[in-house]
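Colleague: Have a look at the structure that comes next, please.
Protein chains: 2
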Amino acid sequence: MDQIDYAGRLRRVQTVLGERASLGQPRIFLVTDPVSIRWTTGFGGSSAWLVIADSFAAFGTDGRYLERVEAEFALSGLDEFLEVCGASTRAEMDDQMFARLGGSGHDLAVGCSAAQVTHSRWSEIASKVCLVDEVDPVIHLRRRKDPAEIQRIERAASIADQALAETLGLLTTAVLPTEMEFRTEIEYRMRQLGADGPSYDTIVACGPDHAARPHHEATRRQMKVGETLVIDVGALVDGYHSDMTRSFVLGEPTQHQRDLYDFLAEVQAAGLAVAGPGVMACEVDAACRKMVTEHGLADWYLHSTGHGVGLVIHENPFSAPRSSDELEVGDVVTVEPGLYRAGFGGLRIEDLLLITEHGHRILTHTSKDSPCLPSPPTI
Amino acid sequence: MDQIDYAGRLRRVQTVLGERASLGQPRIFLVTDPVSIRWTTGFGGSSAWLVIADSFAAFGTDGRYLERVEAEFALSGLDEFLEVCGASTRAEMDDQMFARLGGSGHDLAVGCSAAQVTHSRWSEIASKVCLVDEVDPVIHLRRRKDPAEIQRIERAASIADQALAETLGLLTTAVLPTEMEFRTEIEYRMRQLGADGPSYDTIVACGPDHAARPHHEATRRQMKVGETLVIDVGALVDGYHSDMTRSFVLGEPTQHQRDLYDFLAEVQAAGLAVAGPGVMACEVDAACRKMVTEHGLADWYLHSTGHGVGLVIHENPFSAPRSSDELEVGDVVTVEPGLYRAGFGGLRIEDLLLITEHGHRILTHTSKDSPCLPSPPTI
């Protein structure tokens with residue numbers, strides 16, 4: 001896979017800060033979101049700070065990570081542009097941070113996102129410098145995926161496709177698995193296929209109650225013939241996530257199950273038909289929600305229709321009724337309408353797509369033609 | 001396993017709030033830490049608020065979780081003591097929350113932990129009620145483990161012991177695995193043995209560079225005979241974590257490797273010897289750190305010596321030099337000194353222990369007698 005150009009990313013953040021400075025906003029930004037730190041530097045640990053100004057940048061971490069960070073930054077060439085500070089305690093880390101912020105004092109304006117830092121941490125830092133609530137410049141930069149990122153997401157999606165194909169056989173055996181057993185096998189298979197892990201806890205939700213819960217956690221309950229089954233699975237490749245859901249009926253579906261599945265497939269197709277550059281993300285939601293409401297199933301529709309995917313599994317843009325996000329070329333988003341009702345169970349169909357100049361390209365390729373799985377043999 | 005008494009836990013939080021109210025502190029607390037919400041209610045999802053007063057309690061979540069929550073609270077009997085509010089948007093959830101907080105107004109004092117909420121969320125809520133930074137009452141209550149929790153942690157530790165025993169054979173085969181392959185197999189085995197998953201990303205760190213990093217992430221690098229290998233593994237059972245590290249030398253150790261291992265085993269034993277009720281956690285750290293420093297290895301000692309373990313993998317009490325925590329009966333803590341040096345690699349020995357009335361009981365049982373693994377056969 002192509003290398004990610006971290007030095008280039010850092011320069012892009014600095015360009016944004018230069019532009020902000022010319023508007024009178026702080027020229028220094030304290031990045032506190034671990035995902036933004038990862039996007040800018042590749043550092044995936046849990047304890048770090050990153051100070052970026054239009055003309056310099058510094059990164060601090062504790063002793064557990066220091067040796068690794070120095071090796072990784074040397075490898076990516078980031079060490080030429082980013083000063084690394086190590087410390088053995090939180091207090092030392094803070095001292096280093098304030099030193100790099102340019103000393104302290106309330107005439108020193110530093111940007112920081114109030115949504116990405118605890119109130120107590122904000123108060124501590126604001127007692128030494130003039131902290132200004134500013135949007136994290138990385139959030140917008142990281143939304144549009146570059147070719148190296150699309151490679152990773154596409155590889156993750158392909159691993160999930162293949163792992164699902166190779167695991168579905170468990171659902172046609174005489175003894176059906178429990179939800180957890182199925183999850184264990186598909187996640188193991190994704191790793192064997194080269195994933196760093198699952199993108200999130202694989203959702204395996206089966207039966208009249210569990211499948212009716214959009215975010216069900218897999219249990220030790222055994223699956224039964226005749227039940228609906230929702231499998232929401234993604235792989236993780238080099239920090240990047242994929243996301244896909246397919247739904248099934250174990251054995252021969254009833255007419256009602258089949259009708260609802262076919263209807264949901266049309267709803268999902270309607271959502272996909274809308275998704276493209278320049279479209280408001282809420283329109284994708286509206287396209288699906290309108291059909292479901294007109295079908296009299298409004299109270300079966302429990303969540304919004306999609307979200308962005310990248311270094312985190314849920315990120316901008318969000319296809320929700322009140323979203324003000326506009327889809328852009330380079331966005332990687334889900335379209336995932338679902339129908340849920342206790343007693344019936346649930347169905348969800350979710351694809352992951354890349355917004356392109358001419359519309360979109362679907363990254364998840366598992367068939368969604370039919371909910372049918374061959375019936376398990378009679379014991 | 002024994003049921004967890006959630007209704008009893010809620011009453012204990014309410015008792016603390018009653019005591020606070022009599023001291024003039026707010027009688028209402030807004031719990032924002034997901035782990036505290038889980039401890040009090042069993043809810044493990046990502047989107048919820050919990051308002052507790054000395055005489056009532058209310059819980060809010062969004063449509064994705066509502067049906068599951070109602071079923072679970074009915075099962076645990078919590079539904080008798082906790083009002084459940086569902087909402088389909090964040091704004092609706094907020095409206096419900098302010099209604100349950102007792103309307104709004106700046107004469108309504110509500111406690112909330114500033115360390116457990118973002119600055120932007122704090123500012124939003126503080127614009128409607130008088131928010132007071134108070135310690136989350138659950139943090140202290142959840143530190144001392146009850147028998148049902150100890151059962152779960154002990155089961156998790158036992159699963160990790162068994163999975164490690166059954167996976168070590170991979171290290172004596174002619175073709176040694178990569179770090180990731182070993183991680184994949186041990187995590188798969190833990191799940192097959194009944195774990196809900198790994199307690200954290202299993203650390204498999206091998207060789208002169210990787211083993212020198214305390215928090216190394218497993219890579220696709222193949223292990224080599226003669227290298228040090230650090231395996232830090234735990235299982236997750238019903239939300240509860242275990243934590244254990246063992247270190248090895250692949251094949252016959254050199255005298256230097258063996259000497260350092262034997263020394264580290266003495267250091268760890270010295271830490272264990274100190275651990276008991278009424279002891280300051282920093283004394284456990286000091287006992288280990290002193291020996292390492294006297295041995296001239298101070299700069300090989302990169303992290304503090306231990307931490308509490310429960311619903312999160314790192315929680316109070318912390319065995320660090322500046323810790324003011326005192327060990328109490330019911331604490332579950334690690335003792336995990338390590339030695340790290342690029343070029344040499346690393347060694348860490350970590351046990352999980354329960355602090356008891358008479359000292360402690362070790363919950364991790366994998367042998368730590370020797371770093372030796374049988375040499376792989378020559379190909």
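These protein sequence lines map, in sequence, to chains A and B. Using the numbering used here, you'd call the opening residue of the first sequence number 1 and step up by one each time. Using the numbering used here, you'd call the opening residue of the second sequence number 1 and step up by one each time. For glycine and all other residues, C-beta sits at the position ideal for the given N, C-alpha and C. Values in this document were obtained by computation on a predicted structure and should not be read as measured data.
#1: Tell whether a beta-carbon distance below 9 angstroms holds between D232(A) and V309(A).
#2: Buried or exposed for S55(B), going by 16 or more other Cβ atoms inside 10 Å?
#3: Given that a residue counts as buried once 16 or more other Cβ atoms are within 10 Å of its Cβ, and exposed if not, what is Q116(A)?
#4: Once you ignore the five residues that flank Q14(A) on each side, which residues in its own chain have a CB closer than 8 angstroms to its CB?
#5: What are the boundary residues of the beta strand (DSSP E) that includes W39(B)?
#6: Helix, strand or coil, according to DSSP, for S247(B) in the structure here?
#7: Strictly below 9 angstroms CB to CB, what residues from chain A border S127(B)?
#8: Between H215(A) and chain B, is the shortest Cβ-Cβ distance under 9 angstroms, so that the two count as touching?
#9: Strictly under 9 angstroms for the Cβ-Cβ distance: is L229(B) near chain A by that measure?
#10: Hey, which unbroken runs of the beta strand (DSSP E) at 3 residues or more fall wholly within the stretch 315–361 of chain B?
#11: Are S319(B) and V284(B) touching if we call contact CB-CB under 9 angstroms?
#12: Can you say whether I379(A) is buried or exposed, counting buried as having 16 or more other CB atoms within 10 angstroms of its CB?
#13: Would you list, in sequence order, the uninterrupted alpha helix (DSSP H) runs of no fewer than 4 residues that lie entirely inside the stretch 191–226 of chain B?
#14: Go ahead and pull the three-state DSSP assignment for M1(A).
#15: Please report the straight-line C-alpha distance between V69(B) and I203(A), rounded to a whole angstrom.
#16: Candidates G42(B), E227(B), H303(B): which alpha carbon is nearest Y65(A)'s?
#17: How would you label K290(A), buried or exposed, when you count the other beta carbons within 10 angstroms and need 16 or more for buried?
#18: According to a CB-to-CB cut-off of less than 7 angstroms, which residues of the stretch 6–26 of chain B neighbour chain A?
#19: Considering only their Cβ atoms, is the gap separating G197(A) from E187(A) smaller than 9 angstroms?
#20: Suppose contacts are defined by Cβ-Cβ distances below 9 angstroms. Is V135(A) in contact with S113(A) by that definition?
#21: Would I379(B) count as contacting chain A if we go by Cβ distances under 9 angstroms?
#22: Please list the partners that D209(A) has in chain B, where partner means a Cβ-to-Cβ separation under 9 angstroms.
#23: Identify the continuous beta strand (DSSP E) that holds H385(A) and give its terminal residues.
#24: Using a Cβ cut-off of 9 angstroms (strictly closer), state whether L170(A) contacts chain B.
#25: Going by beta-carbon coordinates alone, are I139(A) and D33(A) separated by less than 9 angstroms?
#26: Would a check of beta-carbon distances place W122(B) closer than 9 angstroms to chain A?
#27: From E179(A) to G271(A), what does the alpha carbon distance come to, in whole angstroms?
#28: Grouping DSSP H, G and I as helix and E and B as strand, with all else coil, what is G8(A)?
#29: Between D133(B) and chain A, is there a C-beta pair that is closer than 9 angstroms?
#30: Report the neighbours of A109(A) on chain B: residues whose CB is nearer than 8 angstroms to its CB, in chain order.
#31: Please specify which runs of the beta strand (DSSP E), each continuous and at least 3 residues long, are wholly inside the stretch 122–160 of chain A, giving them in chain order.
#32: From the DSSP output, read off the bridge partner residues of C112(A).
#33: Do you know how far the Cα of R258(A) is from the Cα of H295(A)?
#34: To the nearest angstrom, how far is the alpha carbon of V329(B) from that of E266(A)?
#35: Taking T228(A) as part of the alpha helix (DSSP H), name the residues at either end of that continuous run.
#36: Along the stretch 288–306 of chain A, where does the CB come closer than 8 angstroms to a CB of chain B? Name the residues.
Modeller: In short:
#1: no
#2: exposed
#3: buried
#4: I52, A53, D54, S55, A57
#5: Element bounds for W39(B): not the beta strand (DSSP E) but the alpha helix (DSSP H), 34–41.
#6: strand
#7: Those within 9 angstroms of S127(B) in chain A number zero; the least Cβ separation is about 13 angstroms.
#8: yes
#9: no
#10: 315–319, 332–335, 338–341, 345–348, 351–356
#11: yes
#12: The predicted model places I379(A) with a pLDDT of 49, which falls under 50 and marks its position as unreliable; any figure quoted below should be read in that light. Looking at its Cβ environment, which holds fewer than 16 other Cβ atoms inside 10 Å, I379(A) is exposed.
#13: 207–210
#14: coil
#15: 17 angstroms
#16: H303(B)
#17: exposed
#18: none
#19: yes
#20: yes
#21: Its pLDDT being 49, under 50, I379(B) is placed unreliably by the model, and nothing is read from it.
#22: E67, R68, A71
#23: One cannot answer for residue 385(A) here, as it falls past the ends of chain A, which runs 1 to 379.
#24: no
#25: yes
#26: yes
#27: 29 angstroms
#28: helix
#29: yes
#30: In chain order: nothing, as chain B lies at least about 16 angstroms away.
#31: 129–133
#32: D133(A)
#33: 15 angstroms
#34: 59 angstroms
#35: Note, T228(A): premise wrong, no alpha helix (DSSP H); beta strand (DSSP E) at 228–233.
#36: L302, H303
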